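All residue numbers in the sequence shown are consecutive under my numbering, ending with 477. Beta carbons: idealized from backbone N, C-alpha and C, even for Gly. Values in this document were obtained by computation on a predicted structure and should not be read as measured data.
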Amino acid sequence: AAAASPEVAAMASLMQAQHELRRSGSKLETRTTTGEYAAVPQNGDDEQRAGPQSDLQGFVNIFCGHKILSSMLLALPLGFYAKHAEMDPQYIFIFNFIAIIPLAWLIGKSTEDVAAKLGEAAGGLLNATFGNVVEMLLCIAGIRNGEIPVVQCTLLGSILSNLLLVMGCAFLAGGCLYHTQTYNQAGAATQCSLLSMSVFAIGLPTIYTNILRQDEEWEHMVTVSRWVSIFLLVVYFAYLVFQLKTHAHLFQDEEGEEEEDPPDLSAPTAAVLLGVATVVTSFATDALIDAIKGTVDSWKVSREFVGIILLPIIGNAAEHYTAITVAMRNKMDLSLGVAAGSSCQMSLLVTPFTVLVGWAYGAEMTLNFHAFQLAVLLFAVFLVTTILNDGMSNWLEGYILLVTYLVVALVYFFEGTGEDHSQRRWIEPRPAGCRPRSWRAAPRCARPGGPSVGPANAAAPALGSGERVGIAATTAP
């Protein structure tokens, strides 16, 4: 048989890991016992690799092979009923939160089956793009509902979840079974460089806007963020060409490519499933985002905790499981393709996409994140870069990443939502004719030769969580 091309081997690291998981499961069922002769492959074996006889059998294989995820689909009608019955927001949030997890799995599975029929380049592009469609839908719903802080926290949380939680669990689980595990250092270094560039792209607007608190500077930064987002999308497509075409060998498993299992569904059926699952997920995400305000009030947690810790779970649960499973089989290149590769997709694809969606909706969605969030992202990327610089991993490095993620989760969990909320601040009242720059910054209507206008120590209603930029001026005019 002809050898597989490098493009097939690296059509997408996420799809590779999913295929590896399915291959290993099927091998456990068909492995012969010790001392027995293995059957010589016949034409019937080729027919077995042709996939299910019908789409109905394919659906049976999908749902029966993942009983836990399939059972979680029962939360979908409950979520819709809770929304239309106007139940307490926390129940709407919980039901839709659970329902989106299997919906994300169905989107990933149908995308994989469609990509298997499209060829190398188109299949890799489709799989790499639709792998984050749930996060995109969450961000779109957040922008439509005016939850810009939650949207930015979701973007940051997805990156942190993949870098610290997923990679940490994979290193820890694999390190408990293997003394030392190795991976392609050059491929990991490329992904770390892309993450560092994304921190640079997010950091400059954040620092610039917080230092120069002028209305004109904010308007300029909105324009700058939109143009930077376009440049980041160009970098993402260049990264796809680099990964799938010119330097595919940097992202493929050193042990070589094994024969892949066929898709469970035909391309038309998988495309219909992809469309239906995406539409249903969009309704579920709308209900979820709409219930956030009532949920944080009932649970006494902050919007940052929901956006950074909770929401990233529902979009990446299946991929998290895949990364850990393949790491336990010493397939670290595939595991890193899920963890670090997903982080690159979030920073280079989903984040600029969200800014452009905000532009289309007329919302001031920018790359100006909160200063503390920027610091957390910077430290996380720095830590991951130092861990991935030697091409080897062990259980201690995974434990370090997990403890780091736990520290971040504790900070946002105990942040609270009361009047003493750490992200709330005093804001000077807005004089007539002065408009605020954005949801993030207080108005700075300074008169020539004098301080900002406003009575001393005057307090306006606190903004939402994640909105602290500084302390308002307390000097009376």
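**Item:** Cβ-based neighbour list, G157, same chain, cut-off 7 Å, excluding 5 preceding and 5 following
**Value:** G307, I308, I309, L311, P312, listed in sequence order.
**Prompt:** Where does the unbroken alpha helix (DSSP H) through A371 begin, and where does it stop?
**Reply:** Counted as a single uninterrupted DSSP element, the alpha helix (DSSP H) harbouring A371 occupies residues 371–387.
**Prompt:** Quick one, are the C-beta atoms of G79 and L402 less than 8 Å apart?
**Reply:** No, the pair does not count as a contact, with Cβ atoms beyond the cut-off.
**Request:** Look at the Cβ atom of F171, then the Cβ atom of S393, and state whether they are nearer than 8 Å.
**Result:** In contact: F171 and S393 (Cβ atoms closer than 8 Å).
**Cα-Cα separation between H220 and E364, rounded to whole angstroms** = Taking the straight line joining both Cα atoms gives about 12 Å.
**Prompt:** Does DSSP classify S54 as helix, strand or coil?
**Reply:** The DSSP-derived three-state label of S54 is coil.
**Prompt:** Distance, Cα to Cα, L28 vs N145?
**Reply:** Its pLDDT being 38, under 50, L28 is placed unreliably by the model, and nothing is read from it.
**Integer-rounded CB distance, given that F95 should sit under 8 Å from A82** = The Cβ separation is near 5 Å, so the contact holds.
**Request:** Compute the Euclidean distance between the alpha carbons of R329 and Q57, then round it to the nearest angstrom.
**Result:** Take the alpha-carbon of R329 and the one of Q57: they are about 29 Å apart.
**Message:** Taking DSSP's pairing of strands, which residues face S347 in a bridge?
**Reply:** DSSP output for S347 lists no bridge partner at all.
**Endpoints, the alpha helix (DSSP H) within which Q90 is located** = In the DSSP assignment, Q90 falls within the unbroken alpha helix (DSSP H) covering 89–118.
**Prompt:** Does any C-beta atom of chain C lie closer than 8 Å to the C-beta of L204?
**Reply:** Absence of chain C from the displayed structure is noted, only one protein chain being present.
**Message:** Across the region 231–246 and the region 343–358, are there enough close Cβ pairs to call them in contact, namely three or more that are closer than 8 Å?
**Reply:** Taking 8 Å as the limit for Cβ pairs, the verdict is that the region 343–358 does touch the region 231–246.
**Prompt:** Taking H66 as the reference, which of A360, Q181, K109, V384 has the closest Cα?
**Reply:** Nearest option by C-alpha distance: K109.
**Message:** To test your reading of the DSSP string, which unbroken alpha helix (DSSP H) runs of 4 or more residues are found completely within the region 58–85?
**Reply:** For the region 58–85, the full-length alpha helix (DSSP H) segments reaching 4 residues or more read 67–71, 75–84 along the chain.
**Item:** Contact check, L377 vs I159, beta carbons under 8 Å
**Value:** It is a contact, given that the beta carbons lie within the stated cut-off.
**Item:** Backbone CA spacing between M136 and T269 [nearest angstrom]
**Value:** Going by C-alpha positions, M136 is about 23 Å away from T269.
**Message:** Here's the rule I'm using: 16 or more other beta-carbon atoms within 10 Å means buried, otherwise exposed. How should A10 be labelled?
**Reply:** Bear in mind that the predicted position of A10 carries a pLDDT of just 40, short of 50, making it unreliable; the figure below should be weighed with that in mind. Its Cβ being crowded by 16 or more others within 10 Å, A10 is buried.
**Request:** Check whether the region 190–206 touches the region 381–401, counting contact only when three or more Cβ pairs, one atom from each stretch, lie closer than 8 Å.
**Result:** With a cut-off of 8 Å, the region 381–401 and the region 190–206 count as touching, because enough Cβ pairs lie within range.
**Asked** If you draw a straight line from the C-alpha of L396 to the C-alpha of G175, how long is it?
**Response** One C-alpha to the other measures close to 8 Å.
**Message:** Just to confirm the assignment, what range does the alpha helix (DSSP H) spanning K245 have?
**Reply:** That residue, K245, is in no alpha helix (DSSP H); it is neither H nor E in DSSP.
**Message:** How far does the alpha helix (DSSP H) with D497 in it extend, from its first residue to its last?
**Reply:** With the chain covering 1 to 477 only, the question about residue 497 has no answer from this structure.
**Prompt:** Where does T278 sit, in a helix, a strand or coil, going by DSSP?
**Reply:** Under the three-state reduction of DSSP output, T278 falls in the helix class.
**Prompt:** Among S347, Y208, Y239, which residue has its Cα nearest to the Cα of V224?
**Reply:** Nearest of S347, Y208, Y239 to V224, Cα basis: Y208.
**Request:** Enumerate, from N- to C-terminal direction, the unbroken alpha helix (DSSP H) stretches of 4 or more residues contained entirely within the region 127–163.
**Result:** Listed in chain order, they are 133–144, 148–160.
**Message:** Extract the residue ranges of the beta strand (DSSP E) inside the region 301–325, only unbroken runs of 3 or more that lie entirely within it.
**Reply:** With a minimum length of 3 residues, no continuous beta strand (DSSP E) run stays inside the region 301–325.
**Request:** Using the Cα positions of V166 and G398, report the straight-line distance between them to the nearest angstrom.
**Result:** About 9 Å.
**Message:** Quick check on the DSSP output: the alpha helix (DSSP H) that includes K331 runs from which residue to which?
**Reply:** Where K331 is concerned, there is no enclosing alpha helix (DSSP H), given that its DSSP letter is neither H nor E.
**Other residues of its chain near N162: CB distance less than 6 Å, five sequence neighbours each side excluded** = Excluding positions up to five away in sequence, the list reads A339, S342, S343.
**Prompt:** Given a threshold of 16 other Cβ atoms within 10 Å of its Cβ, counted over all protein chains shown, does D420 qualify as buried or as exposed?
**Reply:** In this predicted model, D420 has a pLDDT of only 45, less than 50, meaning its place in the structure is not dependable; the value taken from the coordinates is given anyway. Burial call: exposed.
**CA-to-CA distance, P149 to L463, given in whole angstroms** = Its pLDDT being 43, under 50, L463 is placed unreliably in this model, and the value from its coordinates should be taken loosely. C-alpha separation (whole angstroms): 11 Å.
**Asked** Thinking just about the alpha-carbon of each residue, which of H370, V407, F379, D390 is nearest to the one in C153?
**Response** Of H370, V407, F379, D390, the residue nearest in Cα terms is H370.
**Request:** Return the chain-ordered list of same chain residues with a C-beta closer than 8 Å to the C-beta of T351, the five sequence neighbours on each side being excluded.
**Result:** These residues qualify, in order along the chain: L155, S198, I202, S229, L232, L367.
**Item:** Spatial distance of A116 from Q181 (CA atoms)
**Value:** Cα to Cα, the separation comes out at about 30 Å.
**Message:** Rounded to the nearest angstrom, what separates H320 and V133 at their Cα positions?
**Reply:** Looking at the two C-alpha atoms, the distance is approximately 16 Å.
**Asked** What is the DSSP secondary structure of T182, counted as helix, strand or coil?
**Response** The DSSP-derived three-state label of T182 is strand.
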